[in-house]
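Here the structure comes first, spelled out in structure tokens, and everything after it is commentary.
Chains as they are written, first to last, in the numbering used here: chain A, 1 to 310; chain B, 311 to 611.
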């Protein structure tokens, strides 16, 4: 398509009437997103950066306090910034790889040339269609320690029952396990990745006598490393947005065991009106995400295209 | 010598048939394992919804039996009506609010993202690549960074507890990923379409509206589905901006229901089920459209 437009362009004088008409019309067409970026992204970003150096409660004007918010985050444990960061990082460390592995496994299974795969694809994708609030209430009900179906089943099987979300030790692991329910979109992305692996590679390897496991390990996995990379980054960013289950099911408890970073930020801003501190928290989150993404990008040379080059 | 080769061929033949049988058995075993694993996974993924529905149609007492009854002894389909018309809840109003917000967002996203996508895909002008990159880069920004200034801004202009903070931003670009998706789609459409329309004296706006939008229905539907899903299910946005009960969305209303009537689990599950139905319907209808869209683009190419 770009070839087409360069041809049109070459046929007319540079900066002629057509050039200016294109420029004006072009900007008119993208005006919504230009205004949107200025009004709802770049503008607020600058304001937020400024607010992060102030004490601000919306009703009074902001007072400049330098780096105090940033210092407070690390030195005042009662703000629980580090605690909530720890919860989020632990969650990410387990939930992101688990989700990735489960989604890949599901995609590999569904990618088999067998009948009825559409049904399974639908079944595994369905939970992500359901409103998060509804999902969360069903989880809460299933995991209810006294009346829930899960404990009832465990009791019926003669297994020990659990307190799940109502005990500090098990609350976060339970939420990590529940996050597996959201593998749907990742699975679809992997499925597309798997279907993009050239069939000829498999055939060549089969002639060399490779078994399924070797095929997966030496062909499929290296071939889909770009997909894995993409999923890893989006998963990481997504973890920092984690909110609804913690807000509704545990309110960050028990004993702050599920006090996610985003939940902490929400409470600082909208419960306590610490708008300056919350802005600083948002920028710390942004910085962490940027650094992690950068590290992943740097490391990607080592693992994303490695096997392909060989 | 000849007997030797003969026996070798014989051995090879018998081992070949042996291998074939083995491979057949392997394939069957393979299918059993694949189906088995998928069946277990599907059960785990679907079971919670089944349990939601089963709880929703039990009586108040039976819903909290322990150990629970799997199949309800008495059918209480009236739970759905009772929950929806619960005297101190306003689910009909909240449903209307949610529908209204979703509709305004949907129209805004479709119009503005397709306008921008057309500009990015089909017009050459200075600064285009910069703005396109800026659009894509904005995906990386966590929404929390802009959350507080936007909240303050909406507060200052008196938009708190109105639907505007949830609907108006959708008209400004409609989401970077949607622009990206539609731009990719527009790039594939042949230039002859446009050229012919130009000769007929059509303006770019007409070309966008009369040619590009009708041809992009599959892509627009994809955008529409994900937008609708996102708005219908949104919890955080309404939680921040809507404070009055008469302005609540279904998601917020459900949460209120939970915190005030947490014990009435059968009603909770009934409402959760009712709220889920539109999404399930859209999903199943859309699946067909997705297939249609794929076929359509395949024919185009």
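A virtual CB, placed ideally from N, CA and C, is assigned to each residue, including glycine.
Residues that residue i contacts on chain A, provided the C-beta gap is smaller than 7 Å
i: residue 586 (chain B); result: 130, 131, 134
i: residue 460 (chain B); result: 40, 44
i: residue 438 (chain B); result: 26
i: residue 448 (chain B); result: 37, 41
Cβ-based burial, residue i [other Cβ within 10 Å; buried from 16]
i: residue 450 (chain B); result: exposed
i: residue 477 (chain B); result: buried
i: residue 357 (chain B); result: exposed
i: residue 395 (chain B); result: exposed
i: residue 397 (chain B); result: exposed
i: residue 303 (chain A); result: exposed
i: residue 610 (chain B); result: Low per-residue confidence applies at residue 610 (chain B): pLDDT is 31, beneath 50, and the placement is therefore not dependable, though the value from the model is reported in the following sentence. It is exposed - the Cβ of residue 610 (chain B) has fewer than 16 other Cβ atoms within 10 Å.
i: residue 530 (chain B); result: buried
i: residue 158 (chain A); result: exposed
i: residue 203 (chain A); result: exposed
i: residue 119 (chain A); result: exposed
i: residue 557 (chain B); result: buried
i: residue 576 (chain B); result: buried
i: residue 38 (chain A); result: exposed
i: residue 407 (chain B); result: buried
i: residue 115 (chain A); result: exposed
i: residue 113 (chain A); result: exposed
i: residue 468 (chain B); result: exposed
i: residue 568 (chain B); result: buried
i: residue 22 (chain A); result: buried
Limits of the alpha helix (DSSP H) - the one that residue i falls within
i: residue 474 (chain B); result: 474-477
i: residue 48 (chain A); result: 43-51
i: residue 402 (chain B); result: 401-432
i: residue 99 (chain A); result: 81-110
i: residue 544 (chain B); result: Where residue 544 (chain B) is concerned, there is no enclosing alpha helix (DSSP H), given that its DSSP letter is neither H nor E.
i: residue 489 (chain B); result: 486-498
i: residue 168 (chain A); result: 168-179
i: residue 290 (chain B); result: Residue 290 (chain B) is absent from the structure shown; chain B starts at 311 and stops at 611.
i: residue 287 (chain A); result: 275-303
i: residue 21 (chain A); result: 17-37
i: residue 202 (chain A); result: 199-207
i: residue 555 (chain B); result: Here residue 555 (chain B) belongs to no alpha helix (DSSP H), and DSSP marks it neither H nor E.
i: residue 507 (chain B); result: 501-509
i: residue 388 (chain B); result: 388-394
i: residue 442 (chain B); result: 438-447
i: residue 138 (chain A); result: 132-142
i: residue 235 (chain A); result: 225-239
i: residue 150 (chain A); result: 149-156
7 Å CB neighbourhood of residue i in its chain, flanking five on each side removed
i: residue 431 (chain B); result: 493, 496, 497
i: residue 534 (chain B); result: 416, 420
i: residue 164 (chain A); result: 143, 145, 170, 174
i: residue 503 (chain B); result: 521
i: residue 239 (chain A); result: 88, 91, 92, 95, 96
i: residue 150 (chain A); result: 142, 143
i: residue 333 (chain B); result: none
i: residue 259 (chain A); result: 80, 83, 84, 87, 252
i: residue 356 (chain A); result: Given a span of 1 to 310 for chain A in the structure shown, any question on residue 356 (chain A) remains unanswerable.
i: residue 604 (chain B); result: Note that residue 604 (chain B) has pLDDT 36, beneath the 50 cutoff, so the model's placement of it is unreliable and the number below is only indicative. Hits under 7 Å: none found.
Same chain, Cβ closer than 8 Å to residue i, neighbours up to 5 away in sequence not counted
i: residue 232 (chain A); result: 96, 100, 296
i: residue 166 (chain A); result: 145, 254
Under 8 Å from the C-beta of residue i: neighbouring residues of chain A
i: residue 542 (chain B); result: 131
i: residue 490 (chain B); result: The premise fails here: residue 490 (chain B) is roughly 11 Å from chain A at the closest Cβ pair, so nothing lies under 8 Å.
i: residue 467 (chain B); result: Ordered by position in chain A, no residue passes the 8 Å Cβ test against residue 467 (chain B), which lies about 12 Å from the chain.
i: residue 590 (chain B); result: 126, 129, 130
Amino acids of chain B, ordered along the chain, whose beta-carbon sits closer than 9 Å to that of residue i
i: residue 231 (chain A); result: Going along chain B, no residue has its Cβ under 9 Å from residue 231 (chain A), so there is no contact; the nearest lies around 15 Å.
Residue nearest to residue i in terms of C-alpha spacing, selected from the options
i: residue 384 (chain B); options: B:377, B:394, B:373; result: B:373
i: residue 522 (chain B); options: B:436, B:425, B:481; result: B:425
i: residue 182 (chain A); options: A:192, A:289, A:242, A:218; result: A:242
i: residue 197 (chain A); options: A:225, A:244, A:210, A:209; result: A:225
i: residue 543 (chain B); options: B:445, B:509, B:590, B:382; result: B:590
i: residue 227 (chain A); options: A:192, A:210, A:201; result: A:192
i: residue 378 (chain B); options: B:390, B:392, B:587, B:365; result: B:365
i: residue 57 (chain A); options: A:276, A:289, A:281; result: A:276
i: residue 583 (chain B); options: A:132, A:261, A:155, A:247; result: A:132
i: residue 448 (chain B); options: A:292, A:294, A:235, A:36; result: A:36
i: residue 62 (chain A); options: A:261, A:268, A:274; result: A:274
Close-in-space but distant-in-sequence residues of the same chain around residue i (CB under 6 Å, 5 per side omitted)
i: residue 413 (chain B); result: none
i: residue 607 (chain B); result: Here residue 607 (chain B) scores only 35 on pLDDT, less than 50, and its place in the model should not be relied on; the value that follows carries that caveat. Within the same chain, residue 607 (chain B) has no close Cβ partners at all.
Chain B residues whose Cβ lies nearer than 7 Å to that of residue i
i: residue 123 (chain A); result: 352, 355, 356
i: residue 240 (chain A); result: 452
i: residue 243 (chain A); result: 546
i: residue 60 (chain A); result: Those within 7 Å of residue 60 (chain A) in chain B number zero; the least Cβ separation is about 12 Å.
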